[in-house]
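Protein chains in written order, with the working numbering: chain A, 715 to 830; chain B, 50 to 160.
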């Protein structure tokens with residue numbers, strides 16, 4: 715089975731540019747999560763979707779961040795305009811929440827983002 | 050208080066030693082618990098779920114103490130390959146289950 719697929723693996727761009735991160739969840743999983751990980755703050759939940767609907771976006775840092783899930787097999791996280799403090803590893807994870815209370819999340823390989 | 054807290058370590062232990070990590074959670078109604086392992090520059094990977102009665106997988110034992118609101122991970126006969134960061138995670142009750150992660154405990158197994 716294919717796992718969670720993220721792209722790109724690495725992104726280096728100048729501040730002020732728009733950055734789009736992409737995620738394909740595991741087929742059949744109905745919840746999708748975007749995380750940001752830094753040394754200082756650890757793994758932070760940015761937003762999560764259930765059945766393509768955003769359920770909790772309280773972790774989204776500010777209006778520069780937006781996320782969409784147009785269908786069950788694709789999600790994007792966009793940063794516009796990007797700033798150096800956005801540099802981090804961004805993980806996407808998916809989970810099967812269809813009646814199974816003890817199912818874990820499965821993570822993609824992450825996107826390592828550097829904003830110069 | 051953070052929802053899920055861990056000692057960041059590092060825990061430096063010799064090969065063959067037994068090491069244990071604890072993780073406390075603040076929401077007494079938390080329902081599901083997990084241990085993840087994260088290698089340097091890699092994604093977190095599920096190590097094991099934590100069941101109410103405790104569970105074992107080879108050299109790894111996970112336990113849940115609801116009264117004191119903590120979960121633990123015990124690693125016996127540590128191997129060099131066990132060196133990693135171990136993240137605990139808790140899920141609250143309810144229809145939409147947002148998983149909260151601790152910041153991780155770093156383990157270094159020394160030859």
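C-beta: ideal position from N, C-alpha, C; glycine also.
(1) Going straight from the alpha carbon of residue 89 (chain B) to that of residue 148 (chain B), what length do you get?
(2) Going by beta carbon distance, what residues of the same chain come within less than 6 Å of residue 81 (chain B), once the five residues before and after it are set aside?
(3) Measure the alpha-carbon distance for residue 93 (chain B) versus residue 104 (chain B) and round it to whole angstroms.
(4) Report the residue from A:768, A:830, A:798 whose alpha carbon sits nearest the alpha carbon of residue 780 (chain A).
(5) Measure the alpha-carbon distance for residue 809 (chain A) versus residue 101 (chain B) and round it to whole angstroms.
(6) Compare the C-beta of residue 113 (chain B) with all C-beta atoms of chain A and state if any pair is closer than 8 Å.
(7) Determine the burial state of residue 725 (chain A): buried for a count of at least 16 other Cβ atoms within 10 Å of its Cβ, exposed for fewer.
(8) Taking C-alpha atoms, which residue in A:818, A:794, A:812 lies nearest to residue 728 (chain A)?
(9) Where does residue 760 (chain A) land, buried or exposed, given buried means 16+ other C-beta within 10 angstroms?
(10) Just curious, the beta strand (DSSP E) that residue 796 (chain A) is in, first and last residue?
(11) Between the Cα of residue 758 (chain A) and those of A:800, A:828, A:811, A:790, spot the shortest distance and give me the residue it belongs to.
(12) Measure the alpha-carbon distance for residue 806 (chain A) versus residue 784 (chain A) and round it to whole angstroms.
(13) Can you tell which of A:828, A:820, A:826 has the C-alpha that lies nearest to the C-alpha of residue 716 (chain A)?
(14) Any idea if residue 829 (chain A) is buried or exposed, counting beta-carbon neighbours within 10 angstroms, 16 or more meaning buried?
(15) Any beta carbon of chain B sitting closer than 8 Å to that of residue 742 (chain A)?
(16) Between the segment 115 to 135 of chain B and chain A, which residues of the former have CB atoms less than 9 Å from a CB of the latter, in chain order?
(17) Per the DSSP calculation, residue 105 (chain B) is bridged to which residue(s)?
(18) The beta strand (DSSP E) spanning residue 808 (chain A) covers which residue range?
(19) Output, in chain order, the set of chain A residues within a Cβ distance shorter than 8 Å of residue 92 (chain B).
(20) Leaving out five residues on either side along the sequence, give the residues of the same chain with a beta carbon under 8 Å from the beta carbon of residue 52 (chain B).
(21) Can you have a look at residue 108 (chain B) and say buried or exposed, based on whether 16 or more other CB atoms are within 10 angstroms of its CB?
(22) Going along the chain, which residues of its own chain have a beta-carbon closer than 6 Å to the beta-carbon of residue 99 (chain B), five neighbours each way excluded?
Result, derived from the coordinates:
(1) 22 Å
(2) 140
(3) 20 Å
(4) A:768
(5) 21 Å
(6) no
(7) buried
(8) A:794
(9) buried
(10) Note, residue 796 (chain A): premise wrong, no beta strand (DSSP E); not H, not E.
(11) A:800
(12) 15 Å
(13) A:820
(14) buried
(15) no
(16) none
(17) B:110
(18) 802 to 809
(19) 805, 821, 822, 823, 824
(20) 74, 75, 76, 139, 149
(21) exposed
(22) 82, 111, 113, 120
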